[in-house]
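Notes follow once the structure below has been shown.
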C-alpha cells in the first residue's frame with residue numbers, strides 16, 4: 103500500500119507563520135499579565151523611600167526646574183520627563199510606581215518571546231515565571247525610579263541584536279530597532295551606559311565581526327550612532343559629576359564604610375542571590391532562597407555550555423557573566439550596588455529558560471529535573487510573596503502622619519539620618535516649618551547630636567538607634583517622650599511638657 107500525502111491537511115507556510123505569531127503573542131501576553139499580577143496589587147502598600155521622594159518632588163516642579171535638577175544631580179531627565187508628561191506630579195505612591203510596573207511587564211513580554219525563539223515553549227514558560235517571581239525584579243517593578251525603564255529598553259535592544267548576530271531578518275530595520283533600545287537604555291539612567299557597553303562588547307564574543315557585510319555594516323552603524331549619542335548626552339553630566347564627587351557624601355561615598363567584600367556580597371545577593379531586603383520570612387524560611395538561586399545559576403551555565411556555538415547564546419552570556427564580573431571588580435575600588443547590575447538579569451533569565459528546555463528535553467533527565475525545577479519554582483514563588491510583603495522601604499509615611507496629626511510644627515528636629523528631612527518633609531502638610539540638624543556617621547559623629555540636644559531646652563530627636571539609647575547626661579532630668587517607628591524612634595526631651603503641642607502634652611514617661 104502506498105503512502106498518500108494529503109497536502110491539504112498540512113498547514114501552509116503562511117498558516118504556520120500565523121500560528122507561530124499567535125503563540126508568541128500568547129506567551130507575551132501571559133508574561134505581561136503575570137508580571138503585573140505580582141506587582142500591581144501592592145504598589146501603594148509602602149511609603150516612598152528617599153530616592154522615590156526625589157522623583158515625586160522633581161516631577162511636581164516645572165519643566166525647566168525638572169531638567170536642571172536632574173542634570174545637576176548627574177541624572178538624565180528622560181524618565182522624570184515621562185512621568186511629568188503623564189500628569190503624575192502630586193500623584194499617589196501607587197500611581198507614581200505604575201509606569202515601572204508596566205515597563206517591567208513589557209520587558210518580561212519581550213524577553214519571553216526571545217526565549218520562545220531560542221528554546222521553545224519550555225524556555226518561554228520558564229522565562230515568564232522567572233520574570234514575575236525574581237525578587238529584584240519585583241522590587242524594581244514597584245519603585246518610582248528608572249530601573250524598570252532601563253530593562254525595557256535593554257530588552258528592545260536585545261531582540262534585534264540576536265537576529266543580527268544570527269544573520270536573520272532585515273538588517274537595517276533590526277539595526278534601527280537595536281539603536282532605539284540602546285540609546286533608550288543609556289538615557290534612562292547613567293548606569294545603563296555600562297550595560298550597553300557590555301552588550302556591545304558581547305557582540306565580539308558572538309562572532310559579529312565575521313558576519314556577512316550586509317549584516318555587519320548596519321551593525322557597525324548601530325554601534326557608532328549609539329556611542330555618538332551617548333557621548334553627546336554624557337557631556338551634559340560632566341560638570342555635575344565633578345561637583346557631586348567633591349561633596350562629602352557624593353557619588354555614594356557612604357558605601358566605603360561597609361568595605362568592598364560587603365558591597366560585593368550585597369550586590370550579588372540582590373541579583374543572582376534572590377535575597378529580599380528586610381525579609382519577613384513569612385512565606386519562605388530564612389536561607390531557603392539559596393535553592394532557586396543555585397538552580398538558576400546552574401541552568402544559565404547549562405545553556406552556555408550546551409548551546410555555546412549559538413551566537414545568540416554567546417551574546418546573552420556576555421551580558422549575564424560580563425556584567426557581574428565588571429561590577430564585582432569595580433566594587434573593590436568604588437561604590438557599587440545591585441541595582442546597577444540589573445541589566446544582566448533579563449539575558450540571564452532567558453539563558454536559564456533555554457537551560458531548562460535543554461535539561462527537560464533529555465528523556466533520562468526529564469523526571470528528576472522536573473522535580474528539582476518544580477521545587478525551585480515553588481520556593482521562588484514563596485520568595486516573591488515575601489518580596490511583596492516585606493517592609494523593604496522605611497515607613498516615612500507613618501512618621502509624617504504622626505507629626506501632622508499631632509500638630510508638630512515650627513520645631514527643630516535632630517537626627518542621625520541624612521535623608522530624613524526630605525523624606526519626612528514629603529509627608530508633612532505645607533507650612534509645617536520643620537527645621538533639621540543632621541549628624542550622620544561616618545562623616546559626622548553622633549556625639550554632635552547629643553551636644554545639640556543638651557543645648558536645646560526642648561529637644562526633638564528622630565533617631566535610628568542600631569540598639570543605642572539617649573545618654574543619661576543628655577536627658578539631664580528632663581521628661582522623656584518616646585514614639586517608636588520601626589527602625590527609628592521619635593524622642594522628645596523637655597523640662598516643661600506644657601510647651602509641647604496639645605496632643606502630646608501627656609506623653610511624658612512613654
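In the numbering used here, the protein residues as written are 103 to 612.
Cβ atoms here follow ideal geometry from the backbone N, Cα and C, with glycine treated the same way.
Predicted model, so just to flag it, every value in this text is computed and none were measured.
Selected residue, minimal CA-CA separation from residue i, among the options
i: residue 454; options: 229, 522 and 153; result: 229
i: residue 334; options: 538, 307 and 288; result: 288
i: residue 59; options: 290, 216, 484 and 343; result: For residue 59 there is no data in the structure shown, the boundaries of the chain being 103 and 612.
i: residue 276; options: 260, 291, 286 and 565; result: 260
i: residue 149; options: 197, 305, 507 and 343; result: 197
i: residue 609; options: 582, 484, 601 and 163; result: 582
i: residue 458; options: 213, 475 and 443; result: 475
i: residue 205; options: 245, 170 and 167; result: 245
i: residue 443; options: 238, 125 and 126; result: 238
i: residue 154; options: 130, 247 and 135; result: 247
i: residue 282; options: 252, 409 and 363; result: 252
i: residue 329; options: 286, 364 and 369; result: 286
i: residue 312; options: 258, 266, 549 and 167; result: 266
i: residue 528; options: 323, 166 and 501; result: 501
i: residue 532; options: 518, 541, 505 and 555; result: 505
i: residue 199; options: 461, 212 and 184; result: 184
i: residue 605; options: 561, 510 and 386; result: 510
i: residue 512; options: 519, 521, 522 and 530; result: 530
i: residue 219; options: 291, 388 and 130; result: 130
i: residue 376; options: 462, 157, 308 and 484; result: 484
i: residue 497; options: 423, 172, 372 and 587; result: 587
i: residue 226; options: 274, 133 and 410; result: 133
i: residue 341; options: 157, 578, 177 and 563; result: 177
i: residue 402; options: 571, 555, 447 and 343; result: 447
Residue i burial status per 10 Å Cβ neighbour count (16 or more: buried)
i: residue 580; result: buried
i: residue 575; result: exposed
i: residue 472; result: exposed
i: residue 597; result: exposed
i: residue 525; result: buried
i: residue 490; result: buried
i: residue 537; result: exposed
i: residue 57; result: With the chain covering only 103 through 612, there is no way to say anything about residue 57.
i: residue 495; result: buried
i: residue 166; result: exposed
i: residue 395; result: buried
i: residue 139; result: exposed
i: residue 368; result: buried
i: residue 127; result: exposed
i: residue 602; result: buried
i: residue 291; result: buried
i: residue 549; result: exposed
i: residue 613; result: Residue 613 lies beyond the residue range present for the chain, which begins at 103 and ends at 612; the question has no answer from this structure.
Contact check, residue i vs residue j, beta carbons under 7 Å
i: residue 137; j: residue 207; result: yes
i: residue 221; j: residue 304; result: no
i: residue 268; j: residue 413; result: yes
i: residue 516; j: residue 551; result: yes
i: residue 585; j: residue 595; result: no
i: residue 441; j: residue 249; result: yes
i: residue 300; j: residue 425; result: yes
i: residue 191; j: residue 170; result: no
i: residue 213; j: residue 452; result: yes
i: residue 202; j: residue 146; result: no
i: residue 387; j: residue 320; result: no
i: residue 521; j: residue 152; result: yes
Where the alpha helix (DSSP H) containing residue i begins and where it ends
i: residue 194; result: Neither: residue 194 is in no alpha helix (DSSP H) and is coded neither H nor E.
i: residue 398; result: 392-408
i: residue 260; result: 249-268
i: residue 241; result: 237-242
i: residue 154; result: 152-161
i: residue 336; result: 315-337
i: residue 604; result: Careful: residue 604 lies outside any alpha helix (DSSP H) and carries neither H nor E.
i: residue 172; result: 165-174
i: residue 182; result: 180-187
Contact test: residue i Cβ vs the ligand ADP heavy atom, cutoff 6 Å
i: residue 184; result: With respect to the ligand ADP, the structure shown offers nothing to examine, as it has no ligands at all.
For residue i, the first and last residue of its enclosing beta strand (DSSP E)
i: residue 591; result: 590-596
Closer than 7 Å to chain B by CB, residue i
i: residue 343; result: The structure shown contains no chain B; it holds only a single protein chain.
Ranges of the alpha helix (DSSP H) found wholly within the segment 456-499, counting only runs of at least 4: 465-491
Beta strand (DSSP E) runs wholly inside the segment 506-584, at least 3 long, in chain order: 514-517, 537-540 and 560-566
Complete alpha helix (DSSP H) runs within the segment 271-310 (minimum length 4 residues, chain order): 273-290 and 293-307
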